[in-house]
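The structure under discussion appears below in the form of structure tokens.
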Amino acid sequence: MVGPPPPPMGKEVRRAETLPTEKPRDTIQMAGWQTLLDRLNFSCGTIDGHFAKRSRRAVTQFQINRNLNVSGELDTDTRLSLGKPGDAYVDYTMTEEDLARVIPRPKGFVEMSKVAVLDYNDPWEMLAEKTHSTPSFLRELNPNATNLVPGVTLTLPNLEGTRKLPPVGRVVIMLAETTLLAYDTNHQVVACFPCSIAANKNKIPNQPLTVISTAPNPNYTFDPKVLVDVAQKEGITNKLVLPPGPNNPVGTAWIGLSLQGYGIHGTPEPEDISRTGSHGCFRLANWNATKLVHALRPGVPVEVVP
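The numbering of the sequence shown is my numbering, which starts it at 1222 and goes up by one.
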């Protein structure tokens, strides 16, 4: 079941804040480069100004894609190939519609099954999801923003101009790198997304897979026979259907795979992607899962490689 699309968020006013192509000196400049990579679908996971493993993997795949020397660093040739981030940040004015989407998630699966939507827990989480970043980084950008009410103007990463994914012809999940690559029908990498894999290695598929279904903004069926520990802890004996929303256990997208019960999906915890293990499925940040779900069709092969 697919729920209704989320309502539009508030009015945006662009602000020019051009960054040079010199090596970034601080988290604000680094986040500008992460933003540009994100626009090109080479995702660092979250835009947070920290150049760690996920950012290095995104840069490495960008370098391979552009036939550059592979250093995994934002070296001169890579920065020149990326170009200037330009308007890396944008002014954003909060609206009543924004805050209407702040509905703290109930505790426990039983209570979650009783609400109409699993939307955002607080305004910072909502803004972080909108800008593919983290609440802590947004607070760093806006140190004087203590009361997020309609009319407040904030500085946010600017994702205007993000490249739309073309039809994806193949997906490769690299286990060692905890990275998902999407290839177009001409066998070129068009997206690199951090990906969480099964914590229990015995649950990692070792067979060819294909996409069998796609569902933007799905609901989620809790099965006590699958999540036995959680069911016992909460006293759940029957299946529960949880509503759509970014805080749904599978986030804002579900891509069903040919192995029963397995899929590629979003998450309510984007900062943990590629850092923690899943129950068996392949998890992406919601924004990356949403990009991918609209570019796939049933029958597309999915390869899982060491």
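Cβ coordinates follow ideal geometry from the N, Cα and C atoms, glycine included.
No experiment lies behind these values; they were computed from the predicted model shown.
In chain order, what residues of the same chain lie with their CB nearer than 7 angstroms to the CB of residue i, ignoring the 5 residues before and after it?
i, result
"R1384", "R1260, L1261, N1262"
"N1427", "none"
"E1492", "T1267, T1355"
"P1519", "V1432, I1433, S1434"
"N1286", "V1410"
"A1366", "V1373, L1375"
"T1406", "P1388, G1390"
"M1347", "D1319, R1322, V1323, Y1341"
"V1471", "P1439, Y1441, H1486, G1487"
"E1398", "R1278"
So, at 6 angstroms on beta carbons, what are the nonlocal neighbours of residue i in its own chain, with the 5 sequence-adjacent residues on each side left out?
i, result
"I1485", "I1476, F1503"
"W1508", "H1353"
"Q1255", "C1265, I1268"
"L1461", "F1330, S1334, F1443"
"F1283", "F1263"
"P1277", "It should be pointed out that residue 1277 corresponds to Arg in this sequence rather than to Pro. Only G1293 meet the Cβ criterion."
"F1272", "M1251"
"F1414", "S1264, L1401, L1505, N1509"
Is it buried or exposed for residue i, if we count other Cβ within 10 angstroms and need 16 for buried?
i, result
"N1421", "exposed"
"R1275", "buried"
"A1349", "buried"
"H1353", "buried"
"V1370", "exposed"
"D1247", "exposed"
"I1494", "buried"
"I1418", "buried"
"T1281", "buried"
"A1279", "buried"
"P1344", "buried"
"K1454", "exposed"
"V1525", "buried"
"G1253", "buried"
"E1332", "exposed"
"A1506", "buried"
"G1456", "exposed"
"P1465", "buried"
"P1489", "buried"
Give a yes or no on whether the C-beta atoms belonging to residue i and residue j are separated by under 9 angstroms.
i, j, result
"N1459", "N1440", "no"
"C1416", "T1431", "no"
"V1393", "V1523", "yes"
"F1443", "V1451", "yes"
"L1303", "L1257", "yes"
"A1474", "P1437", "yes"
"V1373", "T1299", "no"
"L1289", "L1463", "no"
"D1269", "F1358", "yes"
"V1521", "G1390", "yes"
"P1325", "K1335", "no"
"A1412", "L1402", "yes"
"G1501", "K1424", "yes"
"G1487", "T1511", "yes"
"P1386", "A1516", "Note that residue 1386 is Leu in the sequence shown, not Pro. Going by C-beta atoms, L1386 is nearer than 9 angstroms to A1516."
"Y1341", "P1467", "yes"
List the residues that DSSP assigns as beta-bridge partners of residue i.
i, result
"P1522", "T1431"
"G1477", "S1434, G1484"
"F1272", "For F1272, which the question treats as bridged, DSSP gives no partner whatsoever."
"V1449", "Partner(s): none; V1449 has no beta bridge."
"V1462", "T1442"
"V1323", "Y1341"
"F1263", "C1413"
Cutting at 8 angstroms between CB atoms, please list the residues of its own chain near residue i, excluding the five before and the five after it.
i, result
"L1320", "P1344, L1369, V1370, P1371"
"L1480", "P1426, Q1428, L1430"
"A1337", "P1464"
"H1408", "G1390, R1391"
Problem set entry | 3-residue-minimum beta strand (DSSP E) runs that sit fully inside the stretch 1353-1432, ordered along the chain | You should have 1374-1378, 1389-1395, 1400-1405, 1410-1415.
For this session: With a floor of 4 residues, list each alpha helix (DSSP H) that falls wholly inside the stretch 1481-1517, ordered by position along the chain.
Result: Counting whole runs of 4 or more residues, the stretch 1481-1517 contains the alpha helix (DSSP H) stretches 1507-1514.
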